[in-house]
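Undergrad: Quick note: the sequence shown uses our numbering, first residue 21, plus one each step.
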Amino acid sequence: MNPDDPSVLDAQLTDVSKTYPHGETAVTSMNLGIRRGEFFSLLGPSGCGKSTTLRILAGLEQPTTGTVAIAGKDVTDVPPNRRPTNLIFQKLALFPHLTVAENIAFGPKIRRMSRTEIRAVVSDMLDLVELSGYADRKPAQLSGGQQQRVAIARALANKPAVLLLDEPLGALDLRLRVQMQRALKKIQQDSGTTFVFVTHDQTEAFTISDRIALMNQGRLEQVGRPDELYNRPATEFVATFLGDTNIIRGSVDERVLRSGAFSCRTPGPGTALSVRPEAIAMRPKLAAGLDNRFAARVTDLTFQGPSVRFQVAVADAGPELVVQLPAAEAAGIAAGDEVEIGWQAEAAVMLGAKS
Numbered sequence: 021m022n023p024d025d026p027s028v029l030d031a032q033l034t035d036v037s038k039t040y041p042h043g044e045t046a047v048t049s050m051n052l053g054i055r056r057g058e059f060f061s062l063l064g065p066s067g068c069g070k071s072t073t074l075r076i077l078a079g080l081e082q083p084t085t086g087t088v089a090i091a092g093k094d095v096t097d098v099p100p101n102r103r104p105t106n107l108i109f110q111k112l113a114l115f116p117h118l119t120v121a122e123n124i125a126f127g128p129k130i131r132r133m134s135r136t137e138i139r140a141v142v143s144d145m146l147d148l149v150e151l152s153g154y155a156d157r158k159p160a161q162l163s164g165g166q167q168q169r170v171a172i173a174r175a176l177a178n179k180p181a182v183l184l185l186d187e188p189l190g191a192l193d194l195r196l197r198v199q200m201q202r203a204l205k206k207i208q209q210d211s212g213t214t215f216v217f218v219t220h221d222q223t224e225a226f227t228i229s230d231r232i233a234l235m236n237q238g239r240l241e242q243v244g245r246p247d248e249l250y251n252r253p254a255t256e257f258v259a260t261f262l263g264d265t266n267i268i269r270g271s272v273d274e275r276v277l278r279s280g281a282f283s284c285r286t287p288g289p290g291t292a293l294s295v296r297p298e299a300i301a302m303r304p305k306l307a308a309g310l311d312n313r314f315a316a317r318v319t320d321l322t323f324q325g326p327s328v329r330f331q332v333a334v335a336d337a338g339p340e341l342v343v344q345l346p347a348a349e350a351a352g353i354a355a356g357d358e359v360e361i362g363w364q365a366e367a368a369v370m371l372g373a374k375s
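1. Going by beta-carbon coordinates alone, are K70 and V295 separated by less than 9 Å?
2. Just to confirm the assignment, what range does the alpha helix (DSSP H) spanning D210 have?
3. Let's see if you can read the secondary structure: which residues bound the beta strand (DSSP E) around Q32?
4. To the nearest angstrom, report how far apart V369 and N236 are at their CA atoms.
5. What did DSSP end up calling E241 once you bin it into helix, strand or coil?
6. Run through the stretch 258 to 310 for me and flag every whole beta strand (DSSP E) of 3 or more residues, listed as ranges in chain order.
7. Can you name the residues that DSSP bridges to N106?
8. If L234 sits next to E224, beta carbons under 8 Å apart, how far is it from one beta carbon to the other, in whole angstroms?
9. What residue ranges within the stretch 310 to 374 form continuous beta strand (DSSP E) runs of no fewer than 3 residues, ordered along the chain?
10. When DSSP labels each residue in this structure, what does G86 get in the three-state scheme?
11. CA-CA distance, G372 and I268?
12. Buried or exposed for F323, going by 16 or more other Cβ atoms inside 10 Å?
13. Of the choices Q161, F261 and V47, whose alpha-carbon is the least far from that of C68?
14. Do you know how far the Cα of P116 is from the Cα of Q161?
15. For the pair the stretch 96 to 113 and the stretch 167 to 186, tell me if three or more CB-CB distances fall below 8 Å.
16. With distances taken from CA atoms, which of A335, L33, L293 and P346 is nearest E366?
And the structure:
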């Protein structure tokens, strides 16, 4: 099965751009397919166009160019209330005067379902979000996480092909946010509904997503699984936005990068090398066998609980690099120490190669 076959896509943007009347372009030439039943995240910094993209899917924004398809049907000109989507914002807008059950039943009532059908839907949704004992409570009697679950249940009660979520966890404290990330993923898997989730938090996206689209200045930088984006970034923006990395620029000839007096082995051609801090070994004396091995001096360190982050200066006018070691391996290494660092060529990623 081809995962990009339109027949297995629940949402598809084709050549979509959005330019506002005052001239600002929020989305540029976007081609994106979201597979049926996946948890898909739009990730990127503030102002990159991810919320605009979500609003285009919802029908709240009309694309300047391009087409939008939901569940295999062109909905470019279809108004929001007639699309098979539901949108959850950070502000949940639950009806405060209605009970949990009545909030969930609101959509099915509008659709004129029978009382028996509505009771069954409400019961199923309460089970799905694990709030079966809360049917008669009002929103004000619930915690923030419970209110989030009610909002999700209310949206899923309408049986959307795609559930759109615009940073719905942003107002929660860190502990509750982490709990809700796990809950959201379980709800998505149990319901089988396609979720499209907007976030600026890379850890959150890594935790819950099957695939991620990383955006920058209105464009797609890269789409893929979390591990693909982290381990094989396609651009320098992807490499630096997702976690910490060391970028070394220079010229490459026969898989050797040269930057001034510094040189190292590379996995291939390109104009810049990206090597993650955790991919670099560091000891007072390293064993032989590494493709790249250098004398260095520790200039600074930061204890981070399970790991320690080191700033090191490579000898002979080499670059300043960041190295991250498990706390147990870092024991005994202090600022000012002379050390050796190194990495295998294949542990790095080359950026800027000509296609």
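For every residue, glycine included, the Cβ atom is placed at its ideal position computed from N, Cα and C. On a predicted model such as this, the values are computed, not experimentally measured, just so you know.
TA: Working from what's here:
1. no
2. L194 to S211
3. L29 to T39
4. 20 Å
5. strand
6. 266 to 269, 271 to 273, 276 to 279, 282 to 285, 292 to 295 and 301 to 303
7. L183
8. The pair is not a contact, with the Cβ atoms about 13 Å apart (cut-off 8 Å).
9. 312 to 323, 327 to 334, 340 to 346, 358 to 363 and 369 to 371
10. strand
11. 12 Å
12. exposed
13. V47
14. 10 Å
15. yes
16. L293
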